[in-house]
Amino acid sequence: MRKPIIAGNWKMNKLSPEAVELAGELKNKAGGIADREIVLCPPFTVLSSVKEVIAGSSIRLGAQNMHWEISGAYTGEVSPTMLKDIGCDYVILGHSERRQYFGETDEMVNKKTKIAFSIGLIPIVCVGETLPQRETGETLAVIEEQIKAGLSGLTEEESKGLVVAYEPVWAIGTGKTATPDQAEEVQRFIRKLLGQMFGKENAQAIRILYGGSINPDNISALMSCENVDGGLVGGASLKAESFLKVIGY
Ligand code: PGA
Numbered sequence: 051m052r053k054p055i056i057a058g059n060w061k062m063n064k065l066s067p068e069a070v071e072l073a074g075e076l077k078n079k080a081g082g083i084a085d086r087e088i089v090l091c092p093p094f095t096v097l098s099s100v101k102e103v104i105a106g107s108s109i110r111l112g113a114q115n116m117h118w119e120i121s122g123a124y125t126g127e128v129s130p131t132m133l134k135d136i137g138c139d140y141v142i143l144g145h146s147e148r149r150q151y152f153g154e155t156d157e158m159v160n161k162k163t164k165i166a167f168s169i170g171l172i173p174i175v176c177v178g179e180t181l182p183q184r185e186t187g188e189t190l191a192v193i194e195e196q197i198k199a200g201l202s203g204l205t206e207e208e209s210k211g212l213v214v215a216y217e218p219v220w221a222i223g224t225g226k227t228a229t230p231d232q233a234e235e236v237q238r239f240i241r242k243l244l245g246q247m248f249g250k251e252n253a254q255a256i257r258i259l260y261g262g263s264i265n266p267d268n269i270s271a272l273m274s275c276e277n278v279d280g281g282l283v284g285g286a287s288l289k290a291e292s293f294l295k296v297i298g299y
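Plus 50 on top of the position in the sequence shown (first one is 1) and you've got the numbering used here.
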């Protein structure tokens with residue numbers, strides 16, 4: 051059985067007081083949940099304060115990005131060990147906004163994924179097609195390329211701890227969610243690819259999340275799909291009320 055993950059991607063939102071307030075509310079109402087993993091991914095600037103608030107609860111901390119080197123002359127970047135040092139367990143990698151606005155490539159995602167495993171961070175590797183790609187029937191080819199290039203060279207042992215997020219770009223922040231059938235079709239395909247890369251049994255252990263306009267009304271139908279093991283939630287994770295409803299499905 052794969053333990054579901056509900057991760058909140060706060061993106062570039064929340065100053066310290068709001069971050070602390072939101073994390074506090076979530077800790078009070080969901081800090082004891084054990085049958086699913088709740089992960090908060092706030093901006094770098096409030097990772098520490100959120101960590102302090104959720105300490106002692108089952109809620110985990112994640113970052114939204116990182117560099118692929120441990121240290122060095124990379125002005126403005128944050129390293130994997132810095133995230134570990136601050137108490138992160140997870141890191142989102144290859145989010146479509148990173149790919150779109152910051153030129154992140156599959157090769158960079160691959161380097162980041164490998165270093166994440168080597169220092170004990172769990173990567174949440176995002177893949178997804180754009181609207182034109184879906185409309186021209188390229189969805190599965192795009193996903194295959196992103197999965198194969200982004201995850202190449204991982205060991206079978208590492209693969210078991212991997213988290214993949216399928217986030218159709220056209221569904222992110224648009225209010226247009228993939229239907230459960232659309233999500234399941236791609237996520238089943240992702241698991242098949244993972245099986246070819248890492249072995250069928252290992253692929254069964256990998257959590258595959260869906261992301262893109264998840265809200266309290268659509269989460270339960272998505273979660274009922276065989277290959278949807280959780281959600282990566284943007285907009286609906288910014289308010290305790292909606293995120294708690296999503297957490298409760
Ligand atoms: P959204 O964002 O829920 O606001 O669509 C999801 C994401 O980008 O991870």
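Built from N, CA and C at the ideal position, the CB exists for glycine as well. These numbers were taken from a predicted model, which means no experiment stands behind them.
Going straight from the alpha carbon of residue i to that of residue j, what length do you get?
| i | j | result |
| --- | --- | --- |
| Gly223 | Arg257 | 22 Å |
| Leu212 | Lys61 | 21 Å |
| Asp126 | Pro93 | Note on identity: in this sequence residue 126 is Gly, with Asp being the wrong assignment. Each residue's alpha carbon lies about 14 Å from the other. |
| Cys275 | Ser287 | 21 Å |
| Glu119 | Ile169 | 11 Å |
| Asn63 | Ile193 | 28 Å |
| Gly245 | Gln254 | 8 Å |
| Met51 | Pro67 | 38 Å |
| Ala69 | Phe239 | 37 Å |
| Gly285 | Gly225 | 10 Å |
| Thr229 | Arg241 | 18 Å |
| Lys79 | Gln150 | 35 Å |
| Gln232 | Lys250 | 22 Å |
| Glu185 | Val214 | 23 Å |
| Leu181 | Cys91 | 26 Å |
Looking only at its chain, what residues have a beta carbon closer than 6 Å to the beta carbon of residue i, apart from the 5 residues adjacent to it on each side?
| i | result |
| --- | --- |
| Met116 | Val128, Pro130, Leu133 and Val141 |
| His145 | Cys176 |
| Tyr124 | His117 |
Measure the Cβ-Cβ separation of residue i and residue j and say whether it is below 7 Å.
| i | j | result |
| --- | --- | --- |
| Ser263 | Ala290 | no |
| Gly81 | Ser99 | no |
| Gly58 | Phe293 | yes |
| Lys77 | Val96 | no |
| Thr227 | Asn268 | yes |
| Phe167 | Ser209 | no |
| Asn265 | Glu206 | no |
| Lys161 | Leu143 | no |
Can you tell me which of the three DSSP states residue i falls into?
| i | result |
| --- | --- |
| Ala166 | helix |
| Ile264 | coil |
| Ile256 | coil |
| Arg301 | No answer is possible for residue 301: it lies beyond the span of the chain, which begins at 51 and ends at 299. |
| Gly58 | strand |
| Leu212 | coil |
| Glu235 | helix |
| Ile240 | helix |
| Val219 | helix |
| Pro93 | coil |
| Ala113 | strand |
Of the choices the options, whose alpha-carbon is the least far from that of residue i?
| i | options | result |
| --- | --- | --- |
| Val159 | Arg238, Tyr151 and Pro173 | Pro173 |
| Glu157 | Lys198, Asp279 and Val214 | Lys198 |
| Ala105 | Ile193, Asp85 and Ala73 | Ala73 |
| Val219 | Tyr260, Asp279 and Pro266 | Tyr260 |
| Glu195 | Leu243, Asn63, Glu87 and Phe152 | Leu243 |
| Leu204 | Ala191, Thr229 and Ile165 | Ile165 |
| Leu307 | Asp135, Ile193 and Tyr216 | Outside the displayed range of the chain (51 to 299) lies residue 307, so it cannot be described from this structure. |
Residues in the same chain with beta-carbon distance under 7 Å from residue i, minus the five sequence neighbours each way, listed in chain order, please.
| i | result |
| --- | --- |
| Thr189 | Glu179, Gln183 and Val236 |
| Arg148 | Asn115 and Glu154 |
| Ile56 | Arg86, Ile88, Gly280, Gly281, Val283, Val296 and Ile297 |
| Ser202 | Asn160 |
| Leu101 | Note that residue 101 is Lys in the sequence shown here, rather than Leu. Once the five neighbours on either side are set aside, the close Cβ partners of Lys101 are Leu111, Ile136 and Gly137. |
| Trp270 | A small fix is needed here, since residue 270 is Ser in this sequence, not Trp. These residues qualify, in order along the chain: Tyr299. |
Sorted by chain position, which residues of the same chain lie with C-beta nearer than 8 Å to residue i's C-beta, five sequence neighbours on each side aside?
| i | result |
| --- | --- |
| Asp26 | Residue numbering for the chain in the displayed model covers 51 to 299; residue 26 lies beyond these limits and cannot be assessed. |
| Ala84 | Ser108 |
| Ser121 | Ser129 and Thr131 |
Sorry if obvious, but does the Cβ on residue i come closer than 6 Å to a heavy atom of the ligand SAM?
| i | result |
| --- | --- |
| Ile264 | Ligands displayed in this structure: the ligand PGA; the ligand SAM is not among them. |
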